[in-house]
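Per our numbering, the very first residue in the sequence shown carries number 4; after that it's consecutive.
C-beta: ideal position from N, C-alpha, C; glycine also.
None of the values given here were measured: they were computed from a predicted structure.
Read through the structure below, which is laid out as structure tokens, and then see the notes.
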Amino acid sequence: MATPQNIALIGYMGVGKSTVGRALSHKLHCGFYDTDEIIVQETGKSIEKIFDDDGEATFRKKETEVLKEILNAPAENGRVIACGGGLPLSKENQQLLKDNCFTVELICSDDVIAERIEADGTVRPLLAKLSSHEALLKEISKMKMTRRFYYESAADIKVETDILDMDDVLDSIMLFGEMWQNRRDRMV
Ligand code: S3P
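Structure follows, in structure tokens:
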């Protein structure tokens with residue numbers, strides 16, 4: 004059974020894309036790429052500062068550039084890519100994922116997302132100005148609704164990260180990834 008060359012993790016903020024991605028890349032002995040981390044490295048600015056100084060549109064352009072760079076970089080053993088939460092919203096990025104990746108949407112409940120976002124210390128500009136837990140929950144629920152179509156059309160499978168433990172999450176991704184790759188191989 005073959006593992007896909009590129010496994011992309013997508014989904015709303017706080018679902019665990021970076022944590023799962025890092026663990027998956029260890030298990031598969033392949034490269035790990037986090038689009039947000041690479042943007043910060045390449046620009047020398049935090050995501051928050053990019054949004055403040057240059058605006059969201061500039062950040063989104065950079066996101067596409069970085070996704071292309073990752074996909075074009077040499078990777079003998081394959082790649083796991085943790086995508087920023089808004090990356091699958093653009094048509095161009097959707098196509099890049101479709102053409103090049105086994106794409107997994109990570110999902111979890113609004114409550115768990117809110118708790119993780121409040122606890123992990125990362126400033127997320129699109130949620131930063133909310134003043135209470137209730138306001139955060141409301142915004143999460145609203146944004147998830149407006150984004151649902153994009154995540155669902157980009158994803159090959161969905162995996163829950165609040166009900167399953169880490170080993171089950173990784174096993175599910177690897178099992179379905181092999182099935183996806185085998186079907187692809189049969190089609191060419
Ligand atoms: C965003 C998600 C963030 C980051 C930026 C915008 C979004 O990444 O790219 O704050 O639009 O959902 P995470 O999903 O890793 O938090």
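The nearest non-hydrogen atom of the ligand S3P is 7 Å or more from the C-beta of residue 148.
Contiguous alpha helix (DSSP H) elements confined to the segment 85-162 occur at 94-103, 113-122, 136-157, taking only those with 4 or more residues.
Relative to the ligand S3P, the beta carbon of residue 21 is positioned inside 7 Å of a heavy atom. Contact annotation: residue 38 and residue 70 have beta-carbon atoms nearer than 8 Å.
Closest by C-alpha distance to residue 30, out of 43, 57, 81, is 81. Residue 113 is positioned such that its CB atom lies no closer than 8 Å to that of residue 134. Taking the CA atoms as reference points, residue 152 sits about 24 Å from residue 173.
Taken from the Cβ of residue 129, at least one heavy atom of the ligand S3P lies inside 7 Å. In this structure, the C-beta of residue 177 stays at least 7 Å away from each heavy atom of the ligand S3P. Placement of the Cβ of residue 190 at a distance of 7 Å or more from every heavy atom of the ligand S3P is found. DSSP places residue 60 inside the alpha helix (DSSP H), whose first and last residues are 59-75.
Residue 77 counts as exposed, since fewer than 16 other C-beta atoms from the protein chains shown sit within 10 angstroms of its C-beta. Nearest to residue 34 by alpha-carbon distance, out of 175, 83, 23, 18, is 83. Taking all protein chains in view, the Cβ of residue 64 is surrounded by fewer than 16 other Cβ atoms within 10 Å, so the residue is classified as exposed. Counting other Cβ atoms within 10 Å of its Cβ, residue 178 stays below 16 and is therefore classed as exposed. In the structure shown, residue 78 falls within a coil segment according to DSSP collapsed to helix, strand and coil. The Cβ atoms of residue 109 and residue 18 lie closer than 8 Å to each other.
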